[in-house]
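Residue numbers (the UniProt record's numbering): 1 to 146.
What follows is a set of notes on a single structure, which appears directly below.
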């Protein structure tokens with residue numbers, strides 16, 4: 001299970017150290033793709049395959065929104081692998097999308113990890129912290145309880 005928050009720097013060549021705590025859960029083969037809110041999603045291979053099965057079941061031939069949804073995730077997906085230093089290359093198109101320049105934050109989200117630009121994550125996290133009581137109340141109305 002991917003959990004926790006870890007800060008790292010991306011080097012000028014676009015290589016990023018995957019946190020040691022995430023390496024076992026991600027395994028040797030993982031997939032990096034665009035995520036919501038201009039972050040990147042990182043899926044272990046088995047979780048990506050399950051997600052891709054759902055994408056492939058969408059009516060992409062006839063439904064414009066389904067097609068766009070699949071384009072977003074599958075079109076930007078790239079295979080990740082680790083070098084001897086535990087780094088992976090983040091392609092420039094994904095770095096641009098997520099505004100990754102130097103400082104990044106890895107966030108464990110259970111079945112996937114997210115990679116955020118640190119400044120953007122700090123803003124997002126501060127917003128969540130300010131509104132967590134309202135968010136919790138809305139979640140309880142949806143059937144989730146703490």
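Every residue, glycine too, gets a C-beta built ideally from N, C-alpha and C.
- For the pair residue 27 and residue 45, the CB atoms are nearer than the 8 Å cut-off.
- Shown here, residue 89 sits in a strand according to DSSP, grouped into three states.
- Rounded to the nearest angstrom, the gap between the Cα atoms of residue 69 and residue 58 is 9 Å.
- DSSP assignment within the segment 71 to 115 yields the following whole alpha helix (DSSP H) runs of 4 residues or more, N-terminal first: 92 to 97.
- If you ignore the 5 residues before and after residue 47, its C-beta comes within less than 7 Å of the C-beta of 111 and 112, all in its own chain and listed in chain order.
- When DSSP states are grouped into helix, strand and coil, residue 9 belongs to the strand group.
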